[in-house]
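Participant: Below: one structure in structure tokens.
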Ligand SMILES: [Fe+2]
Ligand SMILES: [Fe+2]
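Numbering (our numbering), first residue to last: 714 to 874.
Dropping the structure here:
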């Protein structure tokens, strides 16, 4: 049985955007924006949801995680910051998969803010997605640190548990 979340990843536009990103990142050796990253973000955000006792619905967390970088190809192709393009491209997909206006607003806000340090400690969808996105990268075991563009203070050099 398909769920609302399966319907996102099976949406023709999602598939198209996703394959464009994979095409652009073929030669990239680390920190790809692929399904492994999206699901890491979803699962870490869901853990933070429990740890912070937030009770944010699981479908909102998974939808946001799956879509937060979906506009990445527009950054490669046209230099548009991908939090902006992702927040815009997700709209039609979320409408087609039955999310309410209120849910879409929350998801778009979290996507827009997923690179905004000012909200990183917030106890809401935006805050857990920001923290999950950053926590998802295993910098401590990275073999290509010399080509990383993350400043050292942002890197996850220890396993936080
Ligand atoms: Fe991102
Ligand atoms: Fe990300």
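Ideal Cβ placement from N, Cα and C applies to all residues, glycine included.
Computed from a prediction, not measured in an experiment: that's the story for all the values here.
Take the Cβ of residue 760 as the centre, count every other Cβ of all protein chains shown within 10 Å, and call the residue buried at 16 or more, exposed below.
Facilitator: Here residue 760 refers to the residue found at position 47 of the chain shown. That one is exposed.
Participant: For ligand 2, which residues have a Cβ under 5 Å from at least one heavy atom, in chain order?
Facilitator: Having a Cβ closer than 5 Å to some heavy atom of ligand 2 are 782, 846.
Participant: For the 8 Å Cβ check, are there 3 or more pairs between the stretch 716 to 727 and the stretch 825 to 832?
Facilitator: The stretch 716 to 727 is not in contact with the stretch 825 to 832.
Participant: Can you say whether residue 865 is buried or exposed, counting buried as having 16 or more other CB atoms within 10 angstroms of its CB?
Facilitator: The residue given as residue 865 occupies position 152 in the chain shown. Under this definition residue 865 is an exposed residue.
Participant: Return yes when the Cβ of residue 848 is within less than 8 Å of the Cβ of residue 838, no when it is not.
Facilitator: One-based indexing of the chain shown puts residue 838 at position 125. One-based indexing of the chain shown puts residue 848 at position 135. Not in contact: residue 838 and residue 848 (Cβ atoms no closer than 8 Å).
Participant: From this set, 767, 789, 776, which residue's C-alpha is nearest residue 736's C-alpha?
Facilitator: The residue you call residue 736 lines up with position 23 of the chain shown. Nearest C-alpha to residue 736: 789.
Participant: If we call anything under 8 Å between Cβ atoms a contact, is residue 758 one with residue 842?
Facilitator: Along the chain shown, one-based indexing puts residue 758 at 45. Along the chain shown, one-based indexing puts residue 842 at 129. Yes.
Participant: Can residue 795 be considered in contact with ligand 1, in the sense that its beta carbon sits closer than 7 Å to one or more heavy atoms?
Facilitator: Numbered from 1 along the chain shown, position 82 holds the residue referred to as residue 795. Yes, ligand 1 has a heavy atom inside 7 Å of this Cβ.
Participant: Compute the Euclidean distance between the alpha carbons of residue 870 and residue 742, then round it to the nearest angstrom.
Facilitator: Locating residue 870 in the chain shown gives position 157, counting from the first residue. Locating residue 742 in the chain shown gives position 29, counting from the first residue. Those two C-alpha atoms are separated by around 18 Å.
Participant: Can you tell me whether residue 749 is buried or exposed, with buried defined as 16 or more other CB within 10 angstroms of its CB?
Facilitator: Walking along the chain shown from the start, residue 749 turns up at place 36. With fewer than 16 other Cβ atoms within 10 Å, it is exposed.
Participant: Rounded to whole angstroms, what's the CA-CA distance from residue 801 to residue 821? Just pull it up for me.
Facilitator: Reading the chain shown from its first residue, position 88 is the one you call residue 801. Reading the chain shown from its first residue, position 108 is the one you call residue 821. The straight-line gap from Cα to Cα measures roughly 8 Å.
Participant: Below 8 Å on the Cβ atoms is my guess for residue 751 versus residue 773; work out the distance and round it to an integer in Å.
Facilitator: Taking the chain shown and counting its residues from 1, the one referred to as residue 751 is at position 38. Taking the chain shown and counting its residues from 1, the one referred to as residue 773 is at position 60. That pair is no contact at about 14 Å.
Participant: Looking at the unbroken alpha helix (DSSP H) that takes in residue 840, where does it start and where does it end?
Facilitator: Against the chain shown, residue 840 aligns to sequence position 127. Note, residue 840: alpha helix (DSSP H), 838 to 848.
Participant: Taking only the alpha-carbon atoms, compute the straight-line gap between residue 825 and residue 783 and give it to the nearest angstrom.
Facilitator: Position 112 of the chain shown, counting from 1, holds the residue named residue 825. Position 70 of the chain shown, counting from 1, holds the residue named residue 783. Cα-Cα distance, rounded: 12 Å.
Participant: Are there 16 or more other CB atoms within 10 angstroms of the CB of residue 874, so buried, or fewer, so exposed?
Facilitator: For the purposes of this step, residue 874 is taken as residue 161 along the chain shown, with counting starting at 1. Residue 874 is exposed by the Cβ-count criterion.
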